[in-house]
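Report on one structure; see the data block that follows.
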Amino acid sequence: AGRAAPAAEPSRQLLAARLPLRILLAEDNAVNRRVSSLILGGLGYAIEEAADGLQALERVCRTAPEPGFDVVLMDMQMPVMDGLQASRQIVTLLPPARRPWIIAMTASAMEEDRQACLGAGMDDYLSKPVRAAMLADALERAAAELERRRSSTDKSASDRGANPSAGEDGTKRVQSGHP
């Protein structure tokens with residue numbers, strides 16, 4: 662039988678109303694995916710899911726010309742394509758104004774893992790098990806930084822003019838095969 666999502670802290674309960682974010686959860690483990698979905702649901706978010714890095718990359722790039730995902734919660738170790746590889750591709754293919762805020766979610770709590778995530782273009786890092794308060798804090802940071810990134814990118818793009826090597830929507834094109 663279904664169970665209700667765990668109650669979030671009252672101050673966090675309306676986070677989605679205060680910070681409307683479109684979130685993609687990229688996680689291969691069904692239990693971790695369910696736990697994260699319940700936490701995000703408790704914060705008021707309806708999310709989309711991907712079971713591996715390639716699915717995440719395809720979903721992010723497919724929505725890129727439109728207002729796409731604001732945040733990708735990216736597991737580091739997944740089959741088909743890991744989170745590091747997917748993040749590198751997203752950073753390469755999308756201009757900053759269209760790029761989602763990528764938050765690594767991993768059981769690895771070592772400093773070198775954190776540095777590998779940041780080096781791959783991820784913007785933030787959470788250690789598992791993820792807790793509602795730390796996820797809410799990460800989403801608040803993401804919303805603030807996305808606003809800053811998008812406003813500074815929009816201003817600098819209008820100062821320079823359009824990028825002739827990018828498509829009309831600002832995304833770079835993959836020549837052939839998988840990105």
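Just add 661 to wherever you are in the sequence shown, counting from 1, and you've got the working numbering.
Here a beta-carbon is modelled for each residue, glycine too, at the ideal position from N, C-alpha and C.
Model, not experiment: these values are computed from the prediction.
Pairwise C-alpha distance: residue j and residue i
i      : j      : result
Pro681 : Arg810 : 17 Å
Gly782 : Ala793 : 24 Å
Pro740 : Gln746 : 11 Å
Leu676 : Gly703 : 9 Å
Arg695 : Leu787 : 17 Å
Arg775 : Ala805 : 21 Å
Ala687 : Ala777 : 18 Å
Phe730 : Val721 : 7 Å
Met795 : Leu699 : 14 Å
Ala841 : Val732 : Only positions 662 to 840 of the chain appear in the structure, and residue 841 is not among them; the question remains open.
Val692 : Ala797 : 20 Å
Leu701 : Glu773 : 28 Å
Glu719 : Arg760 : 13 Å
Ser769 : Ala678 : 32 Å
Lys789 : Thr767 : 5 Å
Residues that residue i bridges to, as DSSP identifies them
i      : result
Thr767 : Ser788
Ala793 : Per DSSP, none; premise fails for Ala793.
Ala687 : Ala711, Met735
Same chain only: Cβ atoms within 6 Å of residue i, ignoring 5 sequence neighbours per side
i      : result
Gly744 : Gly714, Met735, Asp736, Met737
Val752 : Gly782
Glu709 : Leu685
Distance cut-off 8 Å: residue i Cβ against heavy atoms of the ligand MG
i      : result
Ile708 : Ligands are entirely absent from the displayed structure, and the ligand MG is therefore not among its contents.
Residues near residue i by beta carbon distance below 7 Å, same chain, minus five either side
i      : result
Ala712 : Asp689
Ser748 : Met735, Ile763, Ala781, Gly782, Met783
Ser697 : Leu686, Glu688, Leu734, Val791
Contacting residues, own chain, Cβ-Cβ under 8 Å from residue i (five flanking each side not counted)
i      : result
Asp785 : Trp762, Ile763, Ile764, Ala765, Ala799, Arg802, Ala803
CA nearest to the CA of residue i, picked from the options
i      : options                        : result
Ile684 : Val692, Arg749, Ala678, Tyr706 : Tyr706
Gly780 : Ala768, Leu718, Gln750, Val791 : Gln750
Pro756 : Glu709, Val791, Leu807         : Leu807
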